[in-house]
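S.K.: For the protein sequence lines, the chains are A and B, in the order given. To convert, count from 1 in the first sequence and add 26; that's my numbering. To convert, count from 1 in the second sequence and add 882; that's my numbering. This is the structure I want to talk about, given as structure tokens.
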Amino acid sequence: MEFHKLTVVELAKLIHRREVMPHEVIIDIFKRIQEVEPKVKAYITLSIDKAYDMAREAENTIFSGKNKLLTGIPIAVKDNICTKGIPTTCASKILYNFYPPYESTVTSKLLAQKYILPGKTNMDEFAMGSSTENSAFQITRNPWDLERVPGGSSGGSAAAVAADECIAALGSDTGGSIRQPASFCGVVGLKPTYGRVSRFGLVAFASSLDQIGPITKCVTDAALLMNVIAGHDSMDSTSAPIEPTDFTEYLGHDVKGLKIGIPKEYFIEGIDKEVEERIQEAIKKLEDLGCIPIEISLPHTEYAVATYYIVATSEASSNLARYDGVKYGLRAPGKDLLEMYMKTRSKGFGAEVKRRIMLGTYCLSAGYYDAYYKKALQVRTLIKNDFEKAFEKVDFIITPTAPSPAFKIGEKIDDPLQMYLSDIFTISINLAGVPAISIPCGFSEKGLPIGLQIIGKPFDEARILQLSYAYEQSTPWHKMKPTL
Amino acid sequence: MQYEAVIGLEVHAQLLTCSKIFCSCSTQFGSEPNTQVCPVCLGMPGVLPVLNKKAVEFTIKTGLAMNCKIAPYSRFARKNYFYPDLPKGYQISQYELPLCEDGYLEITVDGEERKIRIKRIHLEEDAGKNIHDASGYSFVDFNRTGVPLMEIVSEPDIRSPKEAALYMKKLRTILRYLGVCDGNLEQGSLRCDANVSVRPIGSTEFGVKTEIKNINSFRFVEKALEYEIQRQIKAIKNGEQIVQETRLWDAQAGKTFSMRSKEEAHDYRYFPEPDLVPIVIYSDWIEKIKESMPELPDFKIKKFINQYGLPPYDAEILTEEKNIAEWFEEAVKLGGKPKEVANWIMVELLRLINEDGKDIAECTLKPSQLVELIKLIENGTINRNIGKEIFEEMYKTGKAPESIVKEKGLTQISDDSVIIGAIKEVISKNPKEVERFKNGEEKLIGFFVGQVMKITKGKANPKLVNEFVIKILKEE
């Protein structure tokens, strides 16, 4: 049987009923990987031996009757999430040989469930990018069209899920890095509220924006993964000290009367016509389900990209200072300390990472701090206020996830500004710290998936999942698979 | 023209918390390199800091002791610079919104009270240590990385090297009283940087300042400042401009040397630390900390003078260390006369513990034993000189004074016939001295007393010996 095609819910049922054993699942997954990975290139590291060990452990757990929801489920993990003893490279040369001696909180939680890790997925170096082309190791291809990018920076995770090279995956989202690749690859991607999921063990890009979240084949799976990975963590001071939630609580509940806000600033010139059409159709569908569309305004939207690229790069310039060749990772010897620093960082970092470190260093410099960083924090507050105001009127905000479907490999790589604009609809959400999901809402004429973004109130992921589920169950999109 | 110095001190104090500021590694000094480290203090990818509450408490305590305002809302910031001993490439420190601001310390300079204002006290993490090997390799020891460090910054209110030294001593005493820092300059648990400038007396404007680093002993606080002030005055008199720069104190050369100029100064690119939430300090926590604070040296000095009637000199010495002050107070509480107890501590006990390099807390001799000893002297069981002998014995063995007296047969001889017998023996053995005494050399009384004490092995009651010697010699 082709277990790789299954969702978490479907596979968990089979395992629970002991109709299939984890080792059969992982054998099938690796068979699938063998078949399609040469085309897709979603993984940086395949942890084959480890995966079989994990499958055995999962089986022992099943035999002792202590199996949990994710026992025996192969879940791929983005390569910026630390996994003890398994390379965690952030798709960077500077960490090409880094084996973390510790486990991230999210993967610790998955380990407690006895999940199986098939491997670590490709990404833009240090999560900086929107196409996964900034990986130092390989270019991941969109399973729907191998000439196109899978989006980024969690492009490996999204492609692996879409290509059935795993059952589900974890990604991280700093400015759209879960949602935009989910949209490009026709899968579900949830960025939780800032503070909802522990960042311990997530290699920092921009600490005040980064969040880990699930990338899955259906909405229910996203809810199930959230049930495991969310929650307060004493190892992360910025994780919210709130009670755990059952994210599946409202799945299947009626969505009649829910108010959905349509921000006029998001339907602008330059947005791909097909994207706009699919979103309008989705809004119509939600109306049919009983939702009430209301036009709203998020007036500071136009400043989001500028604000984001100041805040994120400033934090990144500091977060990436530790890669200096002294302790771990790449070291390029030099005749003195300064030369070692310069050579190591020149060789170790790719162009985009260097660009952002320079930008961030500049923004924080004496004499420029007030004009850039401080100003950006003020605008960030205004953007946050926009959302607060909007949520006084509506329950959700609906937008496209990205202004276009997946673009071609190489199309934007030499034009950073164009690349930055592909996150235009997702960036504000990170600045505001609110949760948002991307779910499939149809295809372009060329057969490329298009994503619908549903933004919710802080810590209202369960309601986002409720609306997403209602939409998903009344549309065929999530059942579509790319032919590989 | 006469010049005066304007000095401000930046003091770094390592806090005596058991664990580091952002992880649970031990802070113990002197362990094998890199044995007290974990992914968090090594700044490995993806790890996050979690604030040690005790370190905040210690800082608030210090702020309260130095009359500071405690911030209701405080924040950490990143100070960015590259150095191998700084594993994250930034130090988590405080910039805007430090924990404590606007305090002061009072010092007494030549009998005059001086108030030195404290600008701010903030909390940060210590860096590691670079070790340069003879082989040409450099190593880094990260054991110290992440040890909580408190930075206490004074206003430029200090006017002389002597004031600076007094300020440092006062600060150290307070930190030790609070138990927040052991105040060891040589080991580096207390470090001092000084900002120094000079200006013509009467001027209200500041001159160009230099920052002196590496002052790692109390002796050098005065020496380094003295040197730097003279250097600056000389330069100005020669018509030179003082350059704003960082200078290193070289104790061996007895000089300061230029380390880097303002132009080469780092741009630290401070910004709020996004990995830590702001610290909110509620007033009930401050109240609780206040309640846990010990009596501070200024308070104790006044108490020792007013309540116990000690001379100011004694009061100052006895209050320099909290343990000694408490030892004294314990003895007084048990019935020892304050001045008597003070004398024993200052003359005997401090000498003995200084010789051994011990802390009074490690001492087996207890205040109750001193009180018993004083009683034995007062009731005439032993004389004062024997008392000193017993005191040393008690200090060494921790035995009760009475059992030492019994063991060694040190009970004072107050029997008239025994004393008179001894005097007669001395007289008969020293006819020449008797003759000289008769001829008016009255100071020979001391000689006879001494001889009597000698043959009684020091146990004779000196008062009685004195009395009888005079009486018998006069009768001869």
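All residues carry an ideal CB built from backbone N, CA and C; glycine is no exception. These figures come from a predicted structure and were not determined experimentally.
1) Step through the CB atoms of chain B and report whether any lies within less than 9 angstroms of the CB of A/Y335.
2) Under 9 angstroms, Cβ to Cβ, is there at least one residue of chain A near B/L1414?
3) Ends of the beta strand (DSSP E) at A/G468?
4) Tell me where the alpha helix (DSSP H) around A/C211 begins and ends.
5) How long is the line joining the alpha carbons of A/D262 and A/A77, rounded to whole angstroms?
6) Need the endpoints of the alpha helix (DSSP H) that B/I1305 sits in, please.
7) Let me know the secondary structure DSSP gives A/G239 once reduced to three states.
8) Any chance the segment 1066–1085 of chain B sits against the segment 883–897 of chain B, with 3 or more Cβ pairs inside 8 angstroms?
9) If we ignore side chains and look at the alpha-carbon of each, how far apart do A/S130 and A/T114 end up?
10) Closer than 9 angstroms, Cβ to Cβ, to anything on chain B: give me those residues from the segment 215–226 of chain A, in chain order.
11) Within 9 angstroms of any Cβ in chain A, is that where the Cβ of B/V1214 sits?
12) In this structure, does DSSP put B/C982 in helix, strand or coil?
13) Applying a beta-carbon distance threshold of less than 9 angstroms, which residues of chain A neighbour B/K935?
14) At a CB distance below 8 angstroms, what residues from the segment 944–975 of chain B approach chain A? Give them in sequence order.
15) Would you say the beta carbon of B/E1203 is closer than 8 angstroms to some non-hydrogen atom of the ligand NAP?
16) Our contact map puts A/A458 next to A/K505 with C-beta atoms below 8 angstroms; I'd like the distance itself, whole angstroms only.
17) Could you spell out the range, first to last residue, of the alpha helix (DSSP H) harbouring B/P1179?
18) Let me know if B/Q1069 comes out buried or exposed under the rule of 16 or more other beta-carbons within 10 Å of its beta-carbon.
19) By Cβ distance below 8 angstroms, which residues in the same chain neighbour B/S1099 in space, the five residues on each side in sequence not counted?
20) For my contact list, A/C192 and A/A186 are in at a C-beta cut-off of 8 angstroms; report their separation, rounded to the angstrom.
21) So, with DSSP's three-state summary, where would you put B/A1009?
22) Residues of chain B with CB under 7 angstroms from A/V229, in chain order?
23) Give me the subset of the segment 352–377 of chain A whose CB atoms are less than 9 angstroms from a CB atom of chain B, sorted by chain position.
24) Rounded to whole angstroms, what is the Cα-Cα separation between A/L408 and A/H326?
25) In whole angstroms, what separates the C-alpha of A/E303 from that of A/M384?
26) Three or more C-beta pairs under 8 angstroms: does that hold for the segment 1024–1037 of chain B against the segment 999–1014 of chain B?
27) Should B/Q1333 go down as buried or exposed, given a rule of 16 or more other Cβ atoms within 10 Å for buried?
28) Can you confirm whether the segment 894–911 of chain B touches the segment 924–939 of chain B when touching is taken to mean that 3 or more C-beta pairs between the two stretches lie within less than 8 angstroms?
29) Would you kindly work out how many angstroms separate the C-alpha atoms of B/S1165 and B/A887, rounded to a whole number?
30) Check whether the Cβ atoms of A/S180 and A/A162 lie closer than 9 angstroms to each other.
31) If you measure beta-carbon to beta-carbon, which residues of the segment 100–129 of chain A are closer than 8 angstroms to chain B?
32) Are three or more beta carbon pairs between the segment 201–211 of chain A and the segment 169–177 of chain A nearer than 8 angstroms?
33) I need the DSSP call for B/T1201, collapsed to helix, strand or coil.
34) Does DSSP put B/M883 in a helix, a strand or coil?
35) Just to confirm, are A/G482 and A/I423 a CB contact at a threshold of 9 angstroms?
36) Where DSSP assigns a beta bridge to A/F124, which residues make up the other side?
M.R.: With the structure as the only source:
1) no
2) Absent from the structure is residue 1414 of chain B, since the part of chain B shown begins at 883 and ends at 1358.
3) 462–469
4) 205–211
5) 28 angstroms
6) 1298–1311
7) strand
8) yes
9) 11 angstroms
10) S224, R225, F226
11) no
12) strand
13) Those do not exist, as B/K935 stays about 12 angstroms from chain A at its closest Cβ, beyond 9 angstroms.
14) R960, N962, F964, P966, P969, K970, G971, Y972
15) With respect to the ligand NAP, the structure offers nothing, as it holds no ligand at all.
16) Going by Cβ atoms, the distance from A/A458 to A/K505 rounds to 33 angstroms, so no, they are not a contact pair.
17) 1179–1188
18) exposed
19) L1067, E1068, A1133
20) 5 angstroms
21) coil
22) P927, G928
23) V352, K353, Y354, G355, L363, L364, Y367
24) 7 angstroms
25) 39 angstroms
26) yes
27) buried
28) yes
29) 39 angstroms
30) no
31) N106, I107, C108, T114, C116, L121, F124, P126, P127, Y128
32) yes
33) helix
34) coil
35) yes
36) Paired residue(s): none; A/F124 is not in a bridge.
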